[in-house]
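Presented below is the structure to which this report refers.
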Amino acid sequence: MNGVESNVVELSSTISKFFNVVESFRNETFVEYVVISSKGDINTSFNELYDELVTRSYYPILYNAGEVTVLRIINGRRSRTNIFKVPSILFSLTLLSVLITGYFVSRNFYNNLNMLVGSGVSQSSIIYEMVLFTLSVLFPLTMHELGHLIMVKKSNIPASYPVFIPAPFISPLGTFGAIVKMEFLPKNLISLLKLGISGPLFGFITSLTLFIINYLLSPKLPVGAVLTALSEGVLRYVEIVPLSAYFIMNLSRTPSEVGLVTILNPAAYASLIMILIHFINLLPIGQLDGGHVIRGVTSVKTHSMVSIITTLVMVISSLYSAVFFGGTLIWLGVFSVLALIISGFRPHIGAANMLNTSVPRNFKIKVILTYVALLILSMPIPLIG
-7 MNGVESNVVE
3 LSSTISKFFN
13 VVESFRNETF
23 VEYVVISSKG
33 DINTSFNELY
43 DELVTRSYYP
53 ILYNAGEVTV
63 LRIINGRRSR
73 TNIFKVPSIL
83 FSLTLLSVLI
93 TGYFVSRNFY
103 NNLNMLVGSG
113 VSQSSIIYEM
123 VLFTLSVLFP
133 LTMHELGHLI
143 MVKKSNIPAS
153 YPVFIPAPFI
163 SPLGTFGAIV
173 KMEFLPKNLI
183 SLLKLGISGP
193 LFGFITSLTL
203 FIINYLLSPK
213 LPVGAVLTAL
223 SEGVLRYVEI
233 VPLSAYFIMN
243 LSRTPSEVGL
253 VTILNPAAYA
263 SLIMILIHFI
273 NLLPIGQLDG
283 GHVIRGVTSV
293 KTHSMVSIIT
303 TLVMVISSLY
313 SAVFFGGTLI
323 WLGVFSVLAL
333 IISGFRPHIG
343 AANMLNTSVP
353 RNFKIKVILT
363 YVALLILSMP
373 IPLIG
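Mapping of the sequence shown onto the working numbering: residues -7 to 377, in sequence order.
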């Protein structure tokens, strides 16, 4: 025997501390028990069983099959060798990719600036801007994944370390982001909500903070020079900005800056894009973080409906922007459709404890308010005129 079968006695002994069960089925992948009763509150018992089993790479699911409560234990055992190797290599490649992208973007920025004001182009300035660009891309990504990782560890959710995705010469940032792959479901909907909101919260705050700093460091040029540069194609308009960035750009103006225009440096532009990426991730679609949040406060059916409706709204908004705003939001529809396709239209199960669908009211309200605030503050706003 192998897999779960070879450890049934050990599993049964562990389960018996929390539940009275009768084994009903087993194979190499999982073993199922019919739950007769729990020794205490069933949700508390499952939480404690979950914490004990996942550390041994066994993943429990509690669900109803008709009028019978079933406990399924899945064998999640696999080789854990070199678990840092691939993430470390990919992070190094992503760092290199973002640095290279940052160098070329910064060099182009200073060349254009030199054409406008004749300030000259120094290698040290390019390197300085490259470092700021790299920091503005990787620090928010790292903080986003760190937010997830903290909740993963606190909730004992089996998951990978952050895996960064290099994309030299393809992505304007030099990366396609990073992911923490969950190997199994969180134990309950509370853990799912914490997981879904933590990454965007950490990442958005970091991105916005860096945008403020980088925006204040960006050069300011006379309106006339900027208009000439725009007409000659040396500069181009920023067509969309997140709502939070829009507020910052307007609130930071002083009377002494009348007649001047801020030219976003590469780091400020990278920060702006990072905020927009968080908006996409917050959309209530499929397995996006926004999808996790919506699933944590609604049912499987409602989550599926919201995912489809949100995707349709984003596609319609994209088409509307193509007609009236020159296609500034086309990317929004594309990414929304991709997110829905990647989820495979599969129902979002939610949590390993499928019996417990309740979330404390105060906690739910806090998460919903935080989610709505993040979604609104990161929402893209077309700049007209």
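Glycine is no exception: its CB is placed at the ideal position from the N, C-alpha and C atoms.
Element boundaries [beta strand (DSSP E), containing residue i]
i	result
PHE17	11 to 18
SER30	22 to 30
LYS179	No beta strand (DSSP E) holds LYS179; DSSP gives it neither H nor E.
LEU252	252 to 254
LYS77	That residue, LYS77, is in no beta strand (DSSP E); its alpha helix (DSSP H) goes 77 to 109.
Terminal residues of the alpha helix (DSSP H) in which residue i lies
i	result
PHE355	353 to 369
PHE156	From DSSP, PHE156 is part of no alpha helix (DSSP H) but of the beta strand (DSSP E) over 155 to 158.
LEU275	Note, LEU275: premise wrong, no alpha helix (DSSP H); not H, not E.
LEU219	215 to 223
ASP281	281 to 289
LEU321	Premise fails: LEU321 is in no alpha helix (DSSP H) and is neither H nor E.
LEU304	292 to 316
ILE7	0 to 7
heavy atom of the ligand GDP below 6 Å from residue i C-beta
i	result
ILE269	As presented, the structure is devoid of all ligands, the ligand GDP included, so that no description of it is given.
Residues that residue i bridges to, as DSSP identifies them
i	result
TYR50	ASN67
ALA57	VAL60
ALA170	PHE156
ILE232	PRO374
ALA151	MET174
LYS146	Looking at the DSSP assignment, LYS146 forms no beta bridge with any residue, so it has no partner.
ASN345	LEU54
LYS212	THR254
Residue i versus residue j - alpha carbon distance
i	j	result
SER299	VAL364	16 Å
PRO79	TRP323	28 Å
ALA170	PRO154	6 Å
ILE272	ILE360	17 Å
MET371	PHE156	25 Å
PHE317	SER98	28 Å
ILE267	SER248	29 Å
GLY325	GLU20	43 Å
GLY68	LEU45	10 Å
ILE7	LEU41	7 Å
SER285	ILE92	The sequence given here places Val at residue 285; Ser does not occur at that position. Near 35 Å, if we compare the C-alpha coordinates of ILE92 and VAL285.
HIS136	ALA260	18 Å
VAL129	ASN(-1)	46 Å
THR320	LEU375	10 Å
GLY58	MET346	13 Å
ASN354	LEU133	29 Å
MET(-7)	ILE66	With a pLDDT of only 44 at MET(-7), under the threshold of 50, the placement of this residue in the model should not be trusted; the figure read from the coordinates follows. Near 16 Å, if we compare the C-alpha coordinates of ILE66 and MET(-7).
LEU108	LEU202	26 Å
VAL230	GLY283	29 Å
THR36	ARG64	17 Å
Buried or exposed by the 16-neighbour rule on C-beta atoms within 10 Å, applied to residue i
i	result
GLU24	buried
PHE11	buried
SER310	buried
MET297	exposed
ARG228	exposed
VAL90	buried
GLY377	Any reading at GLY377 must be qualified, since the residue scores a pLDDT of 49, below 50, and its modelled position is unreliable; the value itself is stated next. Exposed.
Chain C within 7 Å of residue i, Cβ atoms only
i	result
GLY188	Structure shown: chain C not included; a single protein chain is present.
(message) With a threshold of 8 Å, are at least 3 pairs of Cβ atoms found where one atom belongs to the region 92 to 105 and the other to the region 115 to 126?
(response) yes
(request) Evaluate the contact criterion for the region 150 to 165 versus the region 214 to 227: three or more CB pairs, one atom per stretch, below 8 Å. (result) no
(message) Taking 8 Å as the cut-off, does the region 326 to 341 touch the region 232 to 251 (at least 3 CB pairs, one atom from each stretch)?
(response) no
(request) Please confirm if the region 183 to 193 is in contact with the region 48 to 68, defined as three or more CB-CB distances below 8 Å between the two stretches. (result) no
(request) Determine contact between the region 232 to 239 and the region 283 to 296, defined as no fewer than three beta-carbon pairs at a distance below 8 Å. (result) no
(request) State whether the region 135 to 145 contacts the region 29 to 39, with contact taken as three or more CB pairs (one from each stretch) at a distance under 8 Å. (result) no
(message) I want to know whether the region 206 to 221 touches the region 171 to 187 - three or more CB-CB distances under 8 Å.
(response) no
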